[in-house]
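Everything on this sheet refers to the single structure shown next.
There are 2 protein chains.
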Amino acid sequence: MTRLRVAFLGPLASFSHQAAADSFSKLTADLLPHASFADAFAALQNKEVDYAVIPCENSTNGSVVQTLDLLADREDAYTDVKVCGEHYLTVHHCLLARKGLYPGGWAEYDGSITKLYTHPQAWGQCENFLSKHFKGVERQDVSSTSKAAEIVSKDMVERGAAIASRFAAEHHGTDVLREDIEDRADNTTRFLILRNVLSERSAQLEFEQPSPPTVGGQTAQLTHKTLITFTIDHSSPGALANALLIFKAHGLNLTTINTRPSLKKPWQYIFFVECGKTASEGNGEAVRNALHDLRQVTETCRDFGTWKDQLRASNV
Amino acid sequence: MTRLRVAFLGPLASFSHQAAADSFSKLTADLLPHASFADAFAALQNKEVDYAVIPCENSTNGSVVQTLDLLADREDAYTDVKVCGEHYLTVHHCLLARKGLYPGGWAEYDGSITKLYTHPQAWGQCENFLSKHFKGVERQDVSSTSKAAEIVSKDMVERGAAIASRFAAEHHGTDVLREDIEDRADNTTRFLILRNVLSERSAQLEFEQPSPPTVGGQTAQLTHKTLITFTIDHSSPGALANALLIFKAHGLNLTTINTRPSLKKPWQYIFFVECGKTASEGNGEAVRNALHDLRQVTETCRDFGTWKDQLRASNV
Numbered sequence: 005m006t007r008l009r010v011a012f013l014g015p016l017a018s019f020s021h022q023a024a025a026d027s028f029s030k031l032t033a034d035l036l037p038h039a040s041f042a043d044a045f046a047a048l049q050n051k052e053v054d055y056a057v058i059p060c061e062n063s064t065n066g067s068v069v070q071t072l073d074l075l076a077d078r079e080d081a082y083t084d085v086k087v088c089g090e091h092y093l094t095v096h097h098c099l100l101a102r103k104g105l106y107p108g109g110w111a112e113y114d115g116s117i118t119k120l121y122t123h124p125q126a127w128g129q130c131e132n133f134l135s136k137h138f139k140g141v142e143r144q145d146v147s148s149t150s151k152a153a154e155i156v157s158k159d160m161v162e163r164g165a166a167i168a169s170r171f172a173a174e175h176h177g178t179d180v181l182r183e184d185i186e187d188r189a190d191n192t193t194r195f196l197i198l199r200n201v202l203s204e205r206s207a208q209l210e211f212e213q214p215s216p217p218t219v220g221g222q223t224a225q226l227t228h229k230t231l232i233t234f235t236i237d238h239s240s241p242g243a244l245a246n247a248l249l250i251f252k253a254h255g256l257n258l259t260t261i262n263t264r265p266s267l268k269k270p271w272q273y274i275f276f277v278e279c280g281k282t283a284s285e286g287n288g289e290a291v292r293n294a295l296h297d298l299r300q301v302t303e304t305c306r307d308f309g310t311w312k313d314q315l316r317a318s319n320v
Numbered sequence: 005m006t007r008l009r010v011a012f013l014g015p016l017a018s019f020s021h022q023a024a025a026d027s028f029s030k031l032t033a034d035l036l037p038h039a040s041f042a043d044a045f046a047a048l049q050n051k052e053v054d055y056a057v058i059p060c061e062n063s064t065n066g067s068v069v070q071t072l073d074l075l076a077d078r079e080d081a082y083t084d085v086k087v088c089g090e091h092y093l094t095v096h097h098c099l100l101a102r103k104g105l106y107p108g109g110w111a112e113y114d115g116s117i118t119k120l121y122t123h124p125q126a127w128g129q130c131e132n133f134l135s136k137h138f139k140g141v142e143r144q145d146v147s148s149t150s151k152a153a154e155i156v157s158k159d160m161v162e163r164g165a166a167i168a169s170r171f172a173a174e175h176h177g178t179d180v181l182r183e184d185i186e187d188r189a190d191n192t193t194r195f196l197i198l199r200n201v202l203s204e205r206s207a208q209l210e211f212e213q214p215s216p217p218t219v220g221g222q223t224a225q226l227t228h229k230t231l232i233t234f235t236i237d238h239s240s241p242g243a244l245a246n247a248l249l250i251f252k253a254h255g256l257n258l259t260t261i262n263t264r265p266s267l268k269k270p271w272q273y274i275f276f277v278e279c280g281k282t283a284s285e286g287n288g289e290a291v292r293n294a295l296h297d298l299r300q301v302t303e304t305c306r307d308f309g310t311w312k313d314q315l316r317a318s319n320v
């Protein structure tokens, strides 16, 4: 079989790269960096890749708006894209330095680092550690945590350190001075695994998630989630409540709701609803019936696919 | 009567300043710039100001996450803050230059501007104009459109131009080379007007919005909107649908739904629901009854106040 092609948001050694590597660890796949979310979506629609691994939500920062805007697909540019899986990646940050710069490690660290590099979002995620150990030290924003690791791996002049993942440290060959420097141990990013429904290669293969965890020797029962997007007639009172009622009527529990501007008229929205059945019998018929009813009360309505719930699995 | 004090997100001549000036134009008020949303919320809670005017949503970019996070009030820091009004400000950008730099105005503009200044978000909002007339010209991000206007008003060396509002041009005394250079004429920001419910000054005064528009000599009938935030037990199937059903049961139409992470446990949310009655009789009793019922099915539930719907008024 030819190798699968999987798009992720670059650069190499990004958290998206790590999520793609985790998700496809049991498959023979080429993981391909893409410069933007839109590039990854376009590559998937054009069948240049079979899958794309895209962050959609972070447990601390909330939804990733760029991803929602691509799923909104206001120009019908990504009609063949569907969700076929998800992956939860807990975000652990490390303090990295050039190999050999501090041979004694953190235990013997002498306070000589003069500059820190990371992605702007990571500063806030490590504030407790930074204010305790690096108060007043210059901070340089860079475009990714992986880039930060790359910079310190090559820097022979300054005493710089990077905040990035262990995955990035291994990729760029830096030392890890200190692990788990993030404020919140539970900060987790959820990635959607997208496929092109017309791609024969991804259709032939039933996408395999990493094995579900086992409880007492038994494989934990998995439930499924479904993503549906829709727009409603906002001038019709109760239209939104009526649409949401349909999920309940078919026994589908709402797990998330997001909205984005429709961009057709101000203050009209595209709704993103994820739903699932709590029982394990699968959602197929309930989803089909719900979609049928939704099409009666919505202006537009799109089924973005059904996949195994990995959160419930990991929480068992 | 002592003058009212109104907080807005600075600097002077920002869009928030303009929204505050519009909203309080008929009242004697001191408009006071604040460095951050959190500063404005704190000043309001501490009664250093009577009102705060805070952007909550843009028709193109969607919800303002920082504002939702302050309204989420996870630490109970702003318990006395409620919404008492709203204001819609259509975002019009202008091309500004130092007074007298181009005495012939845009008609005689010779292509000699070498640098552009504005807030990062404004580039994207004027892309059509910029790619037509300023392709390849250096772009300098600055912290606000007002700051951009200030820079070009003082710059005696470079031929710089700013993208900012007419309000900022008047404040900083620049020329307006070209008006309405934005791509979307309908790009509008909605501001919430917040008050401290314990403040006697704002309690004495019934807050006056600018007069509602008139239709055929008649004042347009206004409806009201109410903001309610709540959290639910996510382990209980149907909990969200049950909560949303309550609004419908009391005749309250859902106009927006937003979610933010609860930060208590990953993948649990704070829901922000705005609702209103389509009839004009006011929402008082329906909201009271809905809140009573909501408290039975939610974990936490907060009434953020009821105010006159200015969108319906302006759309009549």
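Order-wise, the sequence lines are chains A and B.
For what it's worth, our numbering labels the leading residue of the first sequence as 5, then goes sequentially.
For what it's worth, our numbering labels the leading residue of the second sequence as 5, then goes sequentially.
Glycine included, C-beta positions come from ideal geometry on N, C-alpha and C.
Taking 9 Å as the cut-off between beta carbons, the residues of the region 172-194 of chain A near chain B are R188, D190, N191, T192, R194, in sequence order. DSSP places V180/B in the strand class (E or B) of the three-state scheme. By the Cβ-count criterion, K252/B is buried, with 16 or more other Cβ atoms from all chains shown falling within 10 Å of its own Cβ.
Assignment of V68/A by DSSP, reduced to helix, strand and coil, places it in the coil class.
Here DSSP, grouped into helix, strand and coil, assigns T310/A to strand. Around the CB of S169/B, 16 or more other CB atoms lie within 10 Å, so the residue is classed as buried. Only residues of its own chain outside the window of five on either side were considered, and among them T192 have a CB closer than 6 Å to the CB of T94/A, listed in chain order. Rounded to whole angstroms, the gap between the alpha carbons of Y273/A and V85/A is 21 Å.
Within the region 32-65 of chain B, the residues whose Cβ lies closer than 9 Å to any Cβ of chain A are, in chain order, E61, N62, S63, T64, N65.
Close CB contacts of E186/B within its chain, under the 6 Å cut and outside five residues either way in sequence, are with H97, Q129, C130 (chain order). I261/A reaches chain B at I261, T263, counting residues in chain order whose Cβ is nearer than 7 Å. DSSP places R102/B in the coil class of the three-state scheme, outside both helix and strand. A distance below 7 Å between beta-carbons, with the five flanking residues on each side excluded, links L244/A to the following residues of its chain, in chain order: I236. V69: these are the residues of the region 68-97 of chain B whose beta carbon lies less than 7 Å from some beta carbon of chain A, given in chain order.
Apart from the 5 residues on each side of it in sequence, L120/A sits with its Cβ closer than 8 Å to the Cβ of L134, F138, V141, E142, R143, Q144, G164, A165, A166, I167 in its chain, given in chain order. Where R299/A is concerned, the enclosing alpha helix (DSSP H) starts and stops at 288-301. Against G242/A, the close residues of chain B are K252, N257, in the order they occur along the chain (beta-carbon pairs closer than 7 Å). Note that the C-beta distance between K312/A and G280/A is not below 7 Å. The beta carbon of A290/A does not come within 7 Å of any beta carbon belonging to chain B, so the residue lies off that interface. CA-CA distance, A247/B to L249/A, rounds to 11 Å. Between the region 10-17 of chain A and the region 35-43 of chain A there are three or more inter-stretch CB-CB distances shorter than 8 Å, so the stretches are counted as touching. Between A47/A and the set L31/A, N62/A, L74/A, the nearest pair of CA atoms involves L74/A. Taking 7 Å as the cut-off, the beta carbon of R264/A is found closer than this to the beta carbon of L72/A. Secondary structure of V146/A (DSSP, three-state): coil. Cβ atoms of T118/A and E162/A come within 8 Å of each other, at about 6 Å. S157/A sits close to R102/A, with the two beta carbons spaced by under 7 Å. Within the same chain, R9, V10, A11, L36, A47 come within 7 Å of V53/A by CB-CB distance, once the 5 residues on both sides are set aside. In terms of beta-carbon proximity, P124/A stays away from the interface with chain B, with every pair separated by 7 Å or more. I261/B is positioned such that its CB atom lies no closer than 7 Å to that of S27/B. For G255/B, there is no enclosing alpha helix (DSSP H), as DSSP gives it neither H nor E. Boundaries of the beta strand (DSSP E) around P37/B: 33-38.
P15/A sits away from S203/A, with the two beta carbons spaced by 7 Å or more. Excluding its 5 nearest sequence neighbours in each direction, F45/B has C-beta neighbours in its own chain below 6 Å: L74, Y82, listed in chain order. The Cβ of L202/B sits no closer than 7 Å to any Cβ of chain A. Residue pairing for I58/A: DSSP places it in a beta bridge opposite L196/A. Linking D179/B to I155/B through their CA atoms gives a straight-line distance of about 13 Å.
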